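Protein chains in written order, with full-length UniProt numbering: chain A, 1 to 780; chain B, 1 to 329; chain C, 1 to 176.
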Amino acid sequence: MSIIDTAKQAAQGLMQGAIEKLVPLAPDSWIPGGRPDPLIAHKHGLIGTPVSRRDGALKVKGEAGFAAEFRFDDMAYAALAYATIPRGRITAIDSAAADAAPGVVLVMTHLNAPRMNTPGVFGSSPTAVGPADLPILQDDRIHWNGQPIACVLAETQEQADHAASLLGFTYDAEPSTTSLEGAKANGREPGLFMGQPLHNRIGDADAALATAPHVVDQVYRTPRHNHNPIEPHAATIAWIDGALVIHDASQMVTAQAQTIGEIFDLEPDKVRLTSPYVGGGFGCKGLWDHQIIGAAAAKLAGRPVRITLSREGVYRVVGGRSLTEQRVAIGATAEGRFDALVHTGLSIMTPHNNMPEPFILGTRAAYACPNISLQVDIARMNMLANTFMRAPGEAVGTFALECAVDELAVDLGIDPVELRILNEPDKDPTSGLAFSSRHIVEAWRNGADHFGWADRSVEPATRRDGEWQIGMGCATGTYPYYRMPGAQARITLTRDGDAVRALIEVAAAEMGMGTSTTTAIVGAERLGLSLDQVEVGYGDSSIPGAIMAGGSQQTAAIGAAVIAAHNALVAELLKLAGNDSPLAGLSADTVGSEDAGLAKIDDPTQRESYASILTRAQRDSVTVTAAAAQPLELMHWSMHSHSAIFCEVRVNAVTGETRVSRILGSFDCGRILNPKTAKSQFRGGIIMGLGMALMEETQFDERNGRIMNPSLAEYHIPVHLDVPEIDVIWTDIADPHTPMGAHGIGEIGITGVAAAVANAVYNATGKRVRDLPITLDKLL
Amino acid sequence: MTPFTYLRADTVNDAVRLGAGETAAFLGGGTNIVDLMRETVARHETLVDVTRLSAAVTETAEGGLLIGAAATNTAVAEHHGVRTRYPMLSRAILAGASAQIRNMATVGGNLLQRTRCTYFYDTDGSHCNKRAPGTGCDAREGFNRIHAILGASDACVATHPSDMCVALTALDAVVHVEGRDGARTLPFGELHRLPGDRPDLDTVLAAGDLITAIELPPLGVAARSTYRKVRDRASYAFALISVAAAIEMDGDRIADVRIAFGGVAHKPWRATKAEPALRGELASEAVFRAAAAAEFADARPLRDNAFKPELATRTLAAVLAELAKGDVA
Amino acid sequence: MSFVVNGNAVPGPADPRVSLLDHLRETLHLTGTKKGCNQGACGACTVLVDGERILSCLALAVQYDGREITTIEGLAETAALHPLQAAFIEHDGFQCGYCTPGQICSAIGMAAEARRGVPSHVSADLAADVILTRDEIQERMSGNLCRCGAHNGIIDAIQATMAPAPTAETSAELAA
């Protein structure tokens, strides 16, 4: 690093430090969201009306084209071979049979792969989204059991698969750590999440715990999980005139294109990555080895390549959620007020990535408590890099915390709903910041009422219907409001005679959240157009800006970018309107959009239509691009979504089988933009939570680090018969400090669910299960 | 998948002729063998399609049913005679796999499906005596939740995954086989093997032997029968434990009984110890549990399946209690 | 060999290893049928063969000589949507849309099975006529996985299309 770089970094560090100190203290009006988005006041427009998915017809007809459905002429098919040891070196490769197999185009290993740069591991720079800090097919080293070590290209998939099965590898194994006990013995380190320590200490929790009249102190365990989108990872790849074109399934089109460009030393405009449809993601549709290997093989063969991971391949190449061991200790007064809250424990990651499962995130702002101690430690194992999976941290953290709260409620003899409400904080207990919007008590009250919580039998194991023991449980869910920097929006307003249309383009991803529909709704409302006048472009790295479908932040990021672009559009149109317009002389901040035109905000009779402005200016279209404001609001307020989950289970007294018979999610997530798709989002999260509660576990063989259930037959996710009708309600109270008053809702659904189920199982049977999943053997 | 030659047989004789040889296999609905070939667990060089052979379900002179081996699982489950006279068989089939798979899978293929042991499937990364004799068994000390507690060997702790076969064992079915030396029959209970030191052999069939039909003998006790499957999710999962049971009551006394377990052994497990312990006894929870205890006295649970003897005992007791009351159709 | 796909005669594969699924997707370019697991564990590849639902990933294409295959692309008789397709949109029976063609084809096959009287694992009486209650539909559709969690919308759509609200008569049967 040069002196200049060092100085630059030091300056940036100082700046960052100053911002972190000043932003919380700054007046609200200086902060994005300090003045409420005008759309919050639109009560009877498109926002909040149920709208069917815009891509619905294409999807039900099978016409939506996914990554593995693009075609190039002369395309070859790829198949991968995977390492079978956890750590060591490849000493010999026998590829004679594969080379000679019918249809084989090439066999690529570290011996002949093109030279490539090591991808930047996720978070190591603003654009880096690599899976691990490891070179890919560049040397003989094995870092995990299942690492891809060869790629076969052939004329057909059948030929490629067969040839890959003929490859032989000889290894020199090296010592490895593949057991939890082994990893612990190697030592623990404090966990860092996105560069920030996973550590909070307020007061003296240990001392408070020692003197508290009521104490719960337990260890909870959660296993590894896999995302298991039904679409396996795939990419269709071609090098065209020195540029790399990748049709991919991606939650982060721009950053992924940038990282791939860095790997192959390509200028940013020489990589184009599209991802029009993503067949489920949940955190795993990002950059993994297969796209890089596919691009390298295409380069080496001089032919386009389709690389589709087999289902087993997905488990070998694409990381999942790591395991956790969490201690939660709560000390409370006789009245039930928390005096000590400890949430500490261990998560596992690899020597080559940086993703401790941050299970304390949801605890930071959960309850009022003068003495709080939170800490995530990590230990390392030789395994596939773990990654973000739906509500990383909160999904498993709320299991531990909310089971412990339930245990405390039983100990205190207090209704668990009332216990939570009693400990509701009036400001963020760890950061001290004011909440931007927190109506969790309302969510609890609405939910309890709607669910019939009052009918619960307080005494466990007292309700029965034949063989089935019935119980009710509840838990709080929580997920932060995020908005990442880098989002841009491009708006193109087009006139055809008197008709106008708008195209809103964002480098975002649609994997079923309903983003394209919601963006159209919000865009139409903001531009004063009808829904059918607005088209949305997305899923293409050639669109300016970078937006990640992660952290439940995409809606906010798009919302803020469209606000900026709309402001730019108003300014541009005012310029075009000129002196003959009724709007002449008005400044942009006094003018808004309505009814397909611009109008003075405090006197809407002073207006001119878009068509009229463009016609007079002799323009067919106008295009603006603008970047969202920096997300300083995240440092100024404590911003979170909340939920109250209620659940009724039936546990078979004979077999121990648990069935969830009823479940209700009562959400406080700002204003709901499209109730139809929002309901599906909430339900989808809840169902993944049911899977986590009752059946999901990635079986990692501790003897050799091999995943032993790499299949949808042996890794159980809920089937139709496991899923009851799920009630979803929401407060619909706008957060005054976010675009549209909305919060992202992709991840909160899963949080709290496993705890609600476990607490209901306790109420049904009197048995506490503290290690997931709650399989029948734990209840026999 | 290893390249193979596809041949279609139009007659049993054709099939036996085409299917002779160590590298050939018969192809039914393909629901298991295609997967095994794709995973390179199996590497047959010839597949002989036998789905055009008899799929008929016909009445036998003795008053039983003869089911052509090419009949689909769905066809058997929905057959009126099976539903009314052998309900446990309908229920066992309907508890297995998914509707799509039941529409494809044949009876013959179901009998020959192979274990779901994940080490068996992991061709590259795991040791398995069933897949590659002599390489060892990684399941014995590994993940073995779905594995055997009865009749296993040092070489293999796999279970047979079929639901249908559990009912067929309980029903005293007869397997019709056509081989190089002509036709023969064997009792269903003798078709599948315990692993011993040859876990690679699931059945007693020789290479080239073709299952042509399953015969259900007339069995009055079967009219009051059921199948209960316990698994890790509500549907579309292999059994942890399953029970096929039939009962005939004489007042409060058990006149006759048939019981088989799935998910406990390398073969569908006929409860030869529990049945005699029940015949002639007064139906009670204690008697049911004692019968199960007799059956599982020799159980050798592994790391992950210590719950199975108790689960099987409870499930059997519940099934028998229900059947004894006459609650099950 | 040849078979009929959505009413058109098409050639079979050259290589017997090719599954019906891969033949549809890679050779015939009918990519509406999806590959989720390629091992019979997810149902995304469900198609109808002579009206019966099967998993095209486990089907060797050569075995289907002379059969009539209907895929998601062939469901609607006109350019308009099949009523079940429309119901999936109305009830939001999908999110990412990847399992959707399989769910829809499966539901159509399921309805035919129910009409024929095929019982299910949750049927109380094996010999009775089939009434497509919510439970029955859920069990019969359990071979089609969905990871986005659109289960409620899927069952709603199927129920609305295939199992209209029970009449007084069927309600009485249900109660009995």
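Where a beta carbon is used, it is the ideal one built from N, C-alpha and C, also for glycine. Predicted model only: the values in this text are computed from it and were never measured.
Specify, as a first and last residue, the run of the beta strand (DSSP E) that residue i falls within.
| i | result |
| --- | --- |
| D94 of chain A | 88-94 |
| I69 of chain C | 68-70 |
| S165 of chain A | Run containing S165 of chain A: none in the beta strand (DSSP E); it sits in the alpha helix (DSSP H), 157-165. |
| Q218 of chain A | 214-222 |
| S176 of chain A | Taken as a continuous stretch (DSSP letters only), S176 of chain A belongs to no beta strand (DSSP E), as it is neither H nor E. |
If we count the other Cβ atoms within 10 Å of its Cβ and call it buried at 16 or more, is residue i buried or exposed?
| i | result |
| --- | --- |
| W30 of chain A | exposed |
| I67 of chain B | buried |
| N8 of chain C | exposed |
| D197 of chain B | exposed |
| M162 of chain C | buried |
| T31 of chain C | buried |
| G766 of chain A | exposed |
| M194 of chain A | exposed |
| I240 of chain A | exposed |
| L712 of chain A | buried |
| D289 of chain A | buried |
| K21 of chain A | exposed |
| A105 of chain B | buried |
| K43 of chain A | exposed |
| S2 of chain A | With a pLDDT of only 47 at S2 of chain A, under 50, the local geometry of the prediction cannot be trusted, and no value is derived from it. |
| R464 of chain A | exposed |
Does the separation of the CB atoms of residue i and residue j fall below 8 Å?
| i | j | result |
| --- | --- | --- |
| A132 of chain B | H266 of chain B | no |
| E402 of chain A | G752 of chain A | yes |
| V500 of chain A | A611 of chain A | yes |
| T494 of chain A | D620 of chain A | yes |
| L55 of chain C | G36 of chain C | no |
| K130 of chain B | C165 of chain B | no |
| A764 of chain A | Q469 of chain A | yes |
| D298 of chain B | L150 of chain B | yes |
| L201 of chain B | V177 of chain B | no |
| A67 of chain A | D248 of chain A | yes |
| F399 of chain A | L137 of chain A | no |
| K61 of chain A | E136 of chain C | no |
| A556 of chain A | R671 of chain A | no |
| V396 of chain A | T324 of chain A | yes |
| L153 of chain A | A164 of chain A | no |
In angstroms, rounded to a whole number, what distance separates the CA positions of residue i and residue j?
| i | j | result |
| --- | --- | --- |
| F307 of chain B | T315 of chain B | 12 Å |
| K59 of chain A | T100 of chain C | 7 Å |
| K600 of chain A | S516 of chain A | 29 Å |
| R114 of chain B | D35 of chain B | 11 Å |
| R770 of chain A | R221 of chain A | 6 Å |
| G466 of chain A | L209 of chain A | 43 Å |
| G578 of chain A | A584 of chain A | 6 Å |
| L46 of chain A | K676 of chain A | 12 Å |
| A157 of chain C | G93 of chain C | 7 Å |
| A183 of chain A | G283 of chain A | 25 Å |
| F451 of chain A | G665 of chain A | 9 Å |
| D94 of chain A | L111 of chain A | 12 Å |
How far does the alpha helix (DSSP H) with residue i in it extend, from its first residue to its last?
| i | result |
| --- | --- |
| K299 of chain A | 289-301 |
| R83 of chain B | 80-85 |
The stretch 382-396 of chain A contacting the stretch 407-426 of chain A, beta-carbon criterion three pairs below 8 Å: Because the criterion of three Cβ pairs below 8 Å is not met, the stretch 382-396 of chain A and the stretch 407-426 of chain A do not touch.
Flag this pair as touching only if the stretch 312-331 of chain A and the stretch 67-86 of chain A have three or more C-beta atom pairs under 8 Å; answer yes or no. With the cut-off at 8 Å, the stretch 312-331 of chain A and the stretch 67-86 of chain A touch.
For the pair the stretch 529-548 of chain A and the stretch 111-121 of chain C, tell me if three or more CB-CB distances fall below 8 Å. With a cut-off of 8 Å, the stretch 111-121 of chain C and the stretch 529-548 of chain A do not count as touching, because too few Cβ pairs lie within range.
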